[in-house]
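Undergrad: Sharing a structure here in structure tokens format.
Protein chains: 2
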Amino acid sequence: MIPEHVKNELKHIVGEEYVALSPSEMKEFSSDGTKLEFLPDAVVFPEDAMQVSKLLELANKEKIPVIPRGAGTGMSGGALPVRGGIIMGMDRMNRIIYLDRDNMISKVEPGVITEELQKEAKKIGLFYPPYPASANISTIGGNVAECAGGLRALKYGVTRDYVLGLKIVLPTGEILETGTKTVKGVVGYDLTRLIIGSEGTLAVITEVLLRLVPAPEYKKSMAIFFKEIETSIKGVIKILQFRIIPSILEFLDDICLDCIKEDLYIPASANSMLMIELDGPRSLVMEEAKKVKKICQSNGAIYIDIIENEQEEKKLWETRNQLSHYMYKLRPHKISEDIVVPRNNIPKMVSYIKSLSKEYGMPIPVFGHAGDGNLHVNIMLNKDNNIELIRAKELIPKLFKKVIELHGTISGEHGIGITKAPYMGMEVPRTGIELMRRIKKAFDPNDILNPGKIFWEGGSSW
Amino acid sequence: MIPEHVKNELKHIVGEEYVALSPSEMKEFSSDGTKLEFLPDAVVFPEDAMQVSKLLELANKEKIPVIPRGAGTGMSGGALPVRGGIIMGMDRMNRIIYLDRDNMISKVEPGVITEELQKEAKKIGLFYPPYPASANISTIGGNVAECAGGLRALKYGVTRDYVLGLKIVLPTGEILETGTKTVKGVVGYDLTRLIIGSEGTLAVITEVLLRLVPAPEYKKSMAIFFKEIETSIKGVIKILQFRIIPSILEFLDDICLDCIKEDLYIPASANSMLMIELDGPRSLVMEEAKKVKKICQSNGAIYIDIIENEQEEKKLWETRNQLSHYMYKLRPHKISEDIVVPRNNIPKMVSYIKSLSKEYGMPIPVFGHAGDGNLHVNIMLNKDNNIELIRAKELIPKLFKKVIELHGTISGEHGIGITKAPYMGMEVPRTGIELMRRIKKAFDPNDILNPGKIFWEGGSSW
Numbered sequence: 023m024i025p026e027h028v029k030n031e032l033k034h035i036v037g038e039e040y041v042a043l044s045p046s047e048m049k050e051f052s053s054d055g056t057k058l059e060f061l062p063d064a065v066v067f068p069e070d071a072m073q074v075s076k077l078l079e080l081a082n083k084e085k086i087p088v089i090p091r092g093a094g095t096g097m098s099g100g101a102l103p104v105r106g107g108i109i110m111g112m113d114r115m116n117r118i119i120y121l122d123r124d125n126m127i128s129k130v131e132p133g134v135i136t137e138e139l140q141k142e143a144k145k146i147g148l149f150y151p152p153y154p155a156s157a158n159i160s161t162i163g164g165n166v167a168e169c170a171g172g173l174r175a176l177k178y179g180v181t182r183d184y185v186l187g188l189k190i191v192l193p194t195g196e197i198l199e200t201g202t203k204t205v206k207g208v209v210g211y212d213l214t215r216l217i218i219g220s221e222g223t224l225a226v227i228t229e230v231l232l233r234l235v236p237a238p239e240y241k242k243s244m245a246i247f248f249k250e251i252e253t254s255i256k257g258v259i260k261i262l263q264f265r266i267i268p269s270i271l272e273f274l275d276d277i278c279l280d281c282i283k284e285d286l287y288i289p290a291s292a293n294s295m296l297m298i299e300l301d302g303p304r305s306l307v308m309e310e311a312k313k314v315k316k317i318c319q320s321n322g323a324i325y326i327d328i329i330e331n332e333q334e335e336k337k338l339w340e341t342r343n344q345l346s347h348y349m350y351k352l353r354p355h356k357i358s359e360d361i362v363v364p365r366n367n368i369p370k371m372v373s374y375i376k377s378l379s380k381e382y383g384m385p386i387p388v389f390g391h392a393g394d395g396n397l398h399v400n401i402m403l404n405k406d407n408n409i410e411l412i413r414a415k416e417l418i419p420k421l422f423k424k425v426i427e428l429h430g431t432i433s434g435e436h437g438i439g440i441t442k443a444p445y446m447g448m449e450v451p452r453t454g455i456e457l458m459r460r461i462k463k464a465f466d467p468n469d470i471l472n473p474g475k476i477f478w479e480g481g482s483s484w
Numbered sequence: 023m024i025p026e027h028v029k030n031e032l033k034h035i036v037g038e039e040y041v042a043l044s045p046s047e048m049k050e051f052s053s054d055g056t057k058l059e060f061l062p063d064a065v066v067f068p069e070d071a072m073q074v075s076k077l078l079e080l081a082n083k084e085k086i087p088v089i090p091r092g093a094g095t096g097m098s099g100g101a102l103p104v105r106g107g108i109i110m111g112m113d114r115m116n117r118i119i120y121l122d123r124d125n126m127i128s129k130v131e132p133g134v135i136t137e138e139l140q141k142e143a144k145k146i147g148l149f150y151p152p153y154p155a156s157a158n159i160s161t162i163g164g165n166v167a168e169c170a171g172g173l174r175a176l177k178y179g180v181t182r183d184y185v186l187g188l189k190i191v192l193p194t195g196e197i198l199e200t201g202t203k204t205v206k207g208v209v210g211y212d213l214t215r216l217i218i219g220s221e222g223t224l225a226v227i228t229e230v231l232l233r234l235v236p237a238p239e240y241k242k243s244m245a246i247f248f249k250e251i252e253t254s255i256k257g258v259i260k261i262l263q264f265r266i267i268p269s270i271l272e273f274l275d276d277i278c279l280d281c282i283k284e285d286l287y288i289p290a291s292a293n294s295m296l297m298i299e300l301d302g303p304r305s306l307v308m309e310e311a312k313k314v315k316k317i318c319q320s321n322g323a324i325y326i327d328i329i330e331n332e333q334e335e336k337k338l339w340e341t342r343n344q345l346s347h348y349m350y351k352l353r354p355h356k357i358s359e360d361i362v363v364p365r366n367n368i369p370k371m372v373s374y375i376k377s378l379s380k381e382y383g384m385p386i387p388v389f390g391h392a393g394d395g396n397l398h399v400n401i402m403l404n405k406d407n408n409i410e411l412i413r414a415k416e417l418i419p420k421l422f423k424k425v426i427e428l429h430g431t432i433s434g435e436h437g438i439g440i441t442k443a444p445y446m447g448m449e450v451p452r453t454g455i456e457l458m459r460r461i462k463k464a465f466d467p468n469d470i471l472n473p474g475k476i477f478w479e480g481g482s483s484w
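Those protein sequence lines, which keep their order, are chains A and B. So for the first sequence, the working numbering puts the first residue at 23; every next one is plus one. So for the second sequence, the working numbering puts the first residue at 23; every next one is plus one.
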């Protein structure tokens, strides 16, 4: 609980109308994409770095946890107040400060919605490529905090590759600018990239300086169907070997196809699908689309659709972005993992998942970003059925063990947060975790900023 | 000085033949690209991570500085033993451990020469894009330690963008693997990118896991001449606005042109030149070359050469890579700065440099990577002429002040080392430097790894 004088100070710093203290007001901010719930002690909405600084100074003095929060779409519980404390909502800090066409950069506040920036950039011929499936609601600040990946990582990289600099506030209240306005910059340690993906545990982001690229002239989408996962992934590897890097290269397994077949045409014998987007100069894209068709034809594709009309194209990508929701046809609840393996190990990984699904008697649809090996593994269950819950908890470490065996990583884009904290030690050795703890301490001596995240402390109740 | 028992232990760890202790043997390792000289107390050549670990454990116990060293091409003194101690030469650790075509990755030891990796990758249709002008002698380990940039940064990014993971040895001797084999990976803090560009002060790199891309099908080089810097940079911005991102986009000022005119055709009225390389699918490159020609013609170019023969092309890029050496026609010594400004501020920056040159009476040729705003500023002087030396020392902080004013950075790719350490405070506020010091402490409690670098301590003698 927060003492009364602190509540008054919160109101004094941001203004009474920007502080929520009653459980009914705060409920909205007690959950995120994980559907887990933790009620905070206060929710505040600062309007600028100065207010963030004052809030952190106060919290640091009083040793009260502060949890920065974007749109709350996180999939690992990074924005949940597991120890109570103050949720710092970045909603009001949502200005695009500038878009600079000559230098192809943009400075934004953290609360800007990713798709909003993409729309504004497009107006002047520029392109912000990172594309998490939640782009229409998630924020740039949240994307930076988690190092969001999404659908375009193979060709364009992830959030990390577009952040040139940050304005941050340290847990002790100091305001600091990091990075440069340019692609190059090697002055001192790379604080910018250290903050990216640190899940709000090292500093609060108050401005983000982004690199943009020229908007591609043309795009073309394709839907390609295979009898087996193996051949579809071989197709992916062949496409890349022909020097074609699609801007999007998604794959879906048989259970996913079953879930969407009412809304999208799926050939009866198909057990795997690639959804492809090519982008670039028009003539090149047309040429590449033909090549992709040829490559897939001679590598076992059973049906290939080069999509010609805009409506069909929109339908394809909407279906992809809604894939997560289609799964609820199978069971009322879902545990989503976002493992990654080197792309030539995808078939092995998927067939192991199929064997787990059989062994534990739960459907586990898999889809993901085939180009970069990032698989979304959806363990479907009924959480009210205690046996299924126990089985899921048994299954997850087995899944991660296989990921490590296949030279992969247990989180490609969701982060560690609380849901993966118990398993981080499977991937990162004790030495690494100790080093990370010392870095955390160097930033946050009193452990007030998003405490209980990343580092596993045992005994929690989710 | 190192005590006798430590010398014996060094020999015991790496073998007698891999320890140099006499001044004559050690002289070769006492200098780098800066031409400054500091004699170490010992030079050792470990053969694997285990030996590196034992050496660091010993040095940490005895509190002796250890300075990791690649090819010694560094331009900021990062590999100089300013406090004496042990130079750790990575020469023997020069294996390409594997090249994996399906996953487009490679694992190498730090002593691999950058160009060697490029050649081997090309054999299987892959491409490692980072291209410092020293690529034929500098090593991957050194490139990672400094976050080398070079000629291809605008289109392809810098070293940081290709390093997926590292094997490192901490100053306290622990061996640690960081990162992932995949583009995506967000497990804990980004230790990989924290090490990149940390100039050998946080850990010794013993393996580097690199991302590769498909080798471009075709390349085309162009030489384009302008009457003024302003129009050449306007040309650059126009090219980008037409969605053309050259793989190389270099610019040279009038003094540079004067230095190379005996070896390369330079039109008499030219005062600025662009050297361009386009890469990609053949048909696209041909189309883009024509477009670039048209854009530059209608933006004031006085002569455009689309290079048609291989020999001419080789000559062009050799001249570019040797540019630094051509400068010695002007004066016997050179101080090289590698400032960066947002690209639309290049003309302002260059004209300020011209005014400094006039004011101080020293020639200052400027060339650089126009696309990413990275300028190589070459202060030409005779160091035996004390007045010129004093003038150069006066001029440098003025140069950096202007860089900061124009929203730039004082080092794009050379690093801070010792030569820029006195000026880092002009760009990074005290809060940032303090934070970096705490991070250094988290890695290296006894300050044994490359001490005296990055952080300015005053009173040095170079």
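Glycine is no exception: its CB is placed at the ideal position from the N, C-alpha and C atoms. All figures in this text were calculated on a predicted structure; none of them were measured in a lab.
(1) One question on the structure: do B:GLU330 and A:LYS206 come within less than 8 Å of each other, judged by their Cβ atoms?
(2) When the Cα atoms are used, what is the spatial distance from B:TRP339 to B:ALA245?
(3) Report the neighbours of A:CYS169 on chain B: residues whose CB is nearer than 9 Å to its CB, in chain order.
(4) Determine the chain B residues that contact A:LYS203 at a beta-carbon separation under 7 Å, and present them in chain order.
(5) So the beta strand (DSSP E) B:GLU47 belongs to, where does it begin and stop?
(6) Excluding the 5 residues flanking B:LYS33 on each side, which residues of the same chain have their C-beta closer than 7 Å to its C-beta?
(7) Can you find a CB in chain B that lies within less than 8 Å of the CB of A:ASP466?
(8) Could one say the Cβ of B:SER482 lies closer than 8 Å to chain A's Cβ atoms, at least one of them?
(9) Give me the subset of the stretch 443-460 of chain B whose CB atoms are less than 8 Å from a CB atom of chain A, sorted by chain position.
(10) Would B:TYR240 pass as a contact of B:ARG304 if the rule is Cβ separation under 8 Å?
(11) Could you say if the stretch 409-423 of chain B and the stretch 280-296 of chain B meet the contact criterion of at least three C-beta pairs nearer than 8 Å?
(12) Could you tell me whether the Cβ of B:ARG265 comes closer than 8 Å to any Cβ of chain A?
(13) Measuring alpha carbon to alpha carbon, tell me which of B:LYS57, B:ALA81, B:GLY222 ends up nearest B:PRO132.
(14) Any idea what DSSP makes of A:TYR153, helix, strand or coil?
(15) Counting contacts by CB-CB distance shorter than 8 Å, is A:GLU154 in contact with chain B?
(16) I'd like the span of the alpha helix (DSSP H) that includes B:ILE270, first residue to last.
(17) Looking only at its chain, what residues have a beta carbon closer than 8 Å to the beta carbon of A:ARG182, apart from the 5 residues adjacent to it on each side?
(18) Let me check understanding here. Comparing Cα to Cα, which of B:VAL104, B:ILE282, B:ILE108 lies closest to B:PHE60?
(19) Given that a residue counts as buried once 16 or more other Cβ atoms are within 10 Å of its Cβ, and exposed if not, what is A:ILE409?
(20) So B:GLY187 packs on B:LEU231, CB below 8 Å; how close in whole Å?
(21) So A:GLN333 and A:ILE326 are in contact, right, with Cβ under 8 Å, and what is the actual spacing, rounded?
(22) Going along chain A, which residues have a C-beta under 8 Å from B:GLY147?
(23) Comparing the C-beta of A:PRO236 with each C-beta of chain B, is any distance below 8 Å?
(24) Three-state secondary structure (DSSP) at B:LEU411?
(25) Between A:GLU335, A:ALA81, A:TYR348, A:VAL258, which has its C-alpha nearest A:PRO369's C-alpha?
(26) Is the shortest distance between the beta-carbon of B:ILE259 and the beta-carbons of chain A less than 8 Å?
(27) Which residue comes first and which comes last in the alpha helix (DSSP H) that contains A:LYS129?
(28) Measure from the alpha carbon of B:GLY474 to the alpha carbon of each residue in B:ILE461, B:ILE438, B:GLY454, B:VAL450, then state which is nearest.
(29) Run down chain A in chain order and give the residues with a C-beta less than 8 Å from the C-beta of B:THR228.
(30) Taking 8 Å as the cut-off, decide whether the C-beta atoms of A:ILE432 and B:VAL363 are in contact.
(31) Along the beta strand (DSSP E) that carries A:VAL226, what are the first and last residues, could you check?
(32) For the structure I just gave you, are there three or more beta carbon pairs, one from the stretch 250-268 of chain B and one from the stretch 195-205 of chain B, closer than 8 Å?
(33) DSSP three-state label for A:ILE35, please.
(34) Is B:HIS436 helix, strand or coil by DSSP?
(35) Hey, how far is the Cα of A:ASP63 from the Cα of A:ASN82?
(36) To the nearest angstrom, how far is the alpha carbon of B:ALA530 from that of A:THR136?
TA: Put simply:
(1) no
(2) Approximately 10 Å, taken between the alpha carbons.
(3) Within chain B, the C-beta atoms nearer than 9 Å to that of A:CYS169 come from LYS206, GLY207, VAL208, ASP212, in chain order.
(4) Within chain B, PRO364, HIS429 have C-beta atoms less than 7 Å from the C-beta of A:LYS203, given in sequence order.
(5) That residue, B:GLU47, is in no beta strand (DSSP E); its alpha helix (DSSP H) goes 45-48.
(6) VAL41
(7) no
(8) Its pLDDT being 46, under 50, B:SER482 is placed unreliably by the model, and nothing is read from it.
(9) MET446, GLU449, VAL450, PRO451, THR453, GLY454, ILE455, LEU457, MET458, ARG460
(10) Their beta carbons are under 8 Å apart, which means B:TYR240 touches B:ARG304 by this criterion.
(11) no
(12) yes
(13) B:GLY222
(14) Under the three-state reduction of DSSP, A:TYR153 is assigned to strand.
(15) For the sequence presented, residue 154 of chain A should be read as Pro rather than Glu. No, A:PRO154 lies away from the interface with chain B (no Cβ there is under 8 Å from its Cβ).
(16) No alpha helix (DSSP H) holds B:ILE270; the beta strand (DSSP E) holding it covers 270-274.
(17) CYS169, ARG215, ILE218, GLY219
(18) B:VAL104
(19) exposed
(20) 4 Å
(21) With 8 Å as the limit, A:GLN333 and A:ILE326 do not qualify as a contact, their Cβ atoms being about 19 Å apart.
(22) GLN263, ARG265
(23) For A:PRO236, the closest Cβ of chain B is nearer than 8 Å.
(24) helix
(25) A:VAL258
(26) Put simply, the CB of B:ILE259 is near chain A, with a gap under 8 Å to one of its CB atoms.
(27) Not the alpha helix (DSSP H): A:LYS129 falls in the beta strand (DSSP E), residues 127-130.
(28) B:ILE438
(29) Correct list: empty, because the minimum Cβ distance to chain A is about 14 Å.
(30) No. Outside cutoff.
(31) 226-233
(32) Segment contact: the stretch 250-268 of chain B against the stretch 195-205 of chain B, fewer than three CB-CB distances shorter than 8 Å; contact not assigned.
(33) helix
(34) Correct three-state label for B:HIS436: coil.
(35) 16 Å
(36) Beyond the ends of chain B as shown, which are 23 and 484, falls residue 530 of chain B; an answer cannot be given.
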